[in-house]
Amino acid sequence: MRNFASLAAGVALVAMAAGSAKAAEEVEVLHWWTAGGEAAALNVLKENLAKEGVSWKDMPVAGGSGVQAMTALRARVTSGDPPTAVQMLGFDIRDWAEQGVVGNLDDLAEKQGWGKVIPEALQAFSKYDGHWIAAPVNVHSTNWLWLNKAAFDKAGGKEPANIDELIALLDKFKEQGLTPLAHGGQPWQDGTLWESVVLSTGGMDFYKKAVIDLDPAALSGDQMKKVFDTMSKLRTYFDPNFSGRDWNLSTALVIEGKAGAQQMGDWSKGEWLRANKKPGTDFVCMRFPGTQGNVLFNADQFVMFDVGDAKRDAQMKLASAVEDPAFQIAFNTVKGSVPARTDVPGDQFDDCGKKGIKDVADAAKAGTLVGSLAHGYAQPGAIKEAVFDVITQHLNGQIDTATALKRLPEAVAAAK
Ligand code: GAL
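Reading the sequence shown from the start, the letters are residues -23 to -1, 1 to 393 in mature numbering (1 follows the signal peptide of the UniProt record, and there is no 0).
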């Protein structure tokens, strides 16, 4: 790990430096925030940095959950030319830290007291070997359900409390002539749906046993059978064009009233807001039925690559801008996430945001704030991919439930 000692002091020095020195500062940022709501949120950061005299070289790599972005990153690092800063999740952060190619943010973190305001569950990934190596932007969570309010009201307006009630609601959407459940068939989206179903089916204890502990009995037993049976049932509520569709296009179907619901993380709210839709009026956000009290989190973090002394002050300015409380509000109200800092007031957030903030705080206290598998916070990449393979093959009808139950523990063991 590159030691960035004295960088916090460097930030102050550069702030005093001449205008010409400021103009020379630039950060190249690799990210996958290319959907409307995501890009709008990212603009807040670009603008804040511009005010600091740091210009932004954009390296967007489209593809939900960053699968393609991480491939692009590997190519850049392999060719000896890493970007200045990279949006990253969970175990990927750890992997790059292990390679010894990322910068140490200790001085800045110490100066700004990150340790006191970033939840422990995030710090476990923002720090490596006791050193800060990532600046967390937000806390997203995956166990959400998004409903078109008009369709929902027509269907009786009662929030489903469990999977059976969800199925009943989807049947009502079907009667209205809608696509009941807007799903995009990509492995990470299949995984995002699956982990909500796991949580709903067996509660947090089961999620921990199966997904965190990778207990072979939990991965192949009766509860997991129920999970796969539910996945098959939910599949019957997708539209014929679901395969390969990007998540934001599925959100658009619900926004336009062509579909009733979408299961997706709270970045989906960014799309609703971007379309000028209001929570409680145009859409309903609720925890995926049967998962209230539990939060499967993912958190976007920025990792600074060691690209030499000339870029360090700009890197520290980026990290500092990310942890600025006003930025945490301005960004996360647009993005759909909740602040990574627990000391940021929630009064400027809409009702979904307020619920998100409360849920995360309550779950952190109760020990039910647990990493999302689909977004890299539960297992390293190889295991995540192995689980995705089984989920996706099953969801697409290439293997039946009995085969999925046999393959899941085998695939996990082989990936370990
Ligand atoms: C998540 C990421 C979010 C959002 C989403 C869809 O992994 O944390 O910020 O971008 O993917 O791309």
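Heads up, the beta-carbon is just placed ideally off N, CA and C, and yes, glycines get one too. Keep in mind that this is a model prediction, so the values were computed, not measured.
query                                                                                                   : result
Local Cβ density within 10 Å of residue 246, reported as buried at 16 or more and exposed below that    : buried
The ligand GAL heavy atom lying under 7 Å from the CB of residue 257                                    : no
Any non-hydrogen atom of the ligand GAL closer than 7 Å to residue 171 Cβ                               : no
As assigned by DSSP and simplified to three states, the class of residue 298                            : helix
Alpha-carbon to alpha-carbon, residue 149 and residue 132                                               : 6 Å
Exposure label - residue 60; buried when at least 16 CB within 10 Å                                     : buried
Boundaries of the beta strand (DSSP E) in which residue 4 is found, first to last residue               : 3 to 8
Residues near residue 191 by beta carbon distance below 6 Å, same chain, minus five either side         : 389
Where residue 220 sits in the DSSP three-state scheme                                                   : strand
Residue 346 CB to nearest heavy atom of the ligand GAL below 7 Å                                        : no
Beta-carbon spacing of residue 124, residue 215 below 8 Å                                               : no
Distance between residue 36 and residue 10 (C-alpha atoms, nearest Å)                                   : 10 Å
Extent of the continuous beta strand (DSSP E) run through residue 183                                   : It is not in any beta strand (DSSP E) - residue 183 instead sits in the alpha helix (DSSP H) that spans 164 to 184.
Opposing strand residues paired with residue 274 [DSSP bridges]                                         : 118, 348
Neighbour-count burial assignment, residue 213, 16 or more Cβ in a 10 Å radius                          : exposed
Pairwise C-alpha distance: residue 320 and residue 90                                                   : 11 Å
Beta-carbon proximity list for residue 49, same chain, < 6 Å, skipping 5 on both sides                  : 38
Nearest neighbour of residue 285, chosen from 30, 23, 79, 63 [CA to CA]                                 : 79
Touch test, the segment 107 to 114 against the segment 325 to 342, Cβ-Cβ under 8 Å, three pairs minimum : no
Inter-residue Cα distance where the pair is residue 104 and residue 374                                 : 41 Å
Cβ separation of residue 356 and residue 102, assumed to be a contact under 8 Å, to the nearest whole Å : That belief does not hold up - the Cβ atoms of residue 356 and residue 102 are roughly 13 Å apart, past 8 Å.
C-alpha distance - residue 296 paired with residue 20, whole-angstrom precision                         : 16 Å
Residue 227 Cβ short of 7 Å to the ligand GAL heavy atom set                                            : no
Any non-hydrogen atom of the ligand GAL within 7 Å of residue 118 CB                                    : no
Distance CB(residue 274)-CB(residue 22) smaller than 8 Å                                                : no
Pair within 8 Å by beta-carbon distance, residue 347 and residue 185                                    : yes
Any non-hydrogen atom of the ligand GAL within 7 Å of residue 242 CB                                    : yes
Inter-residue Cα distance where the pair is residue 5 and residue 151                                   : 47 Å
Residue 66 Cβ short of 7 Å to the ligand GAL heavy atom set                                             : yes
Check whether residue 66 and residue 277 have beta carbons under 8 Å apart                              : yes
Distance CB(residue 337)-CB(residue 116) smaller than 8 Å                                               : yes
Where residue 356 falls: helix, strand or coil (DSSP)                                                   : coil
6 Å CB neighbourhood of residue 183 in its chain, flanking five on each side removed                    : 200
Residue 105 - partner residues in DSSP beta bridges                                                     : 108
Three-way DSSP call (helix, strand, coil) for residue 264 in this model                                 : strand
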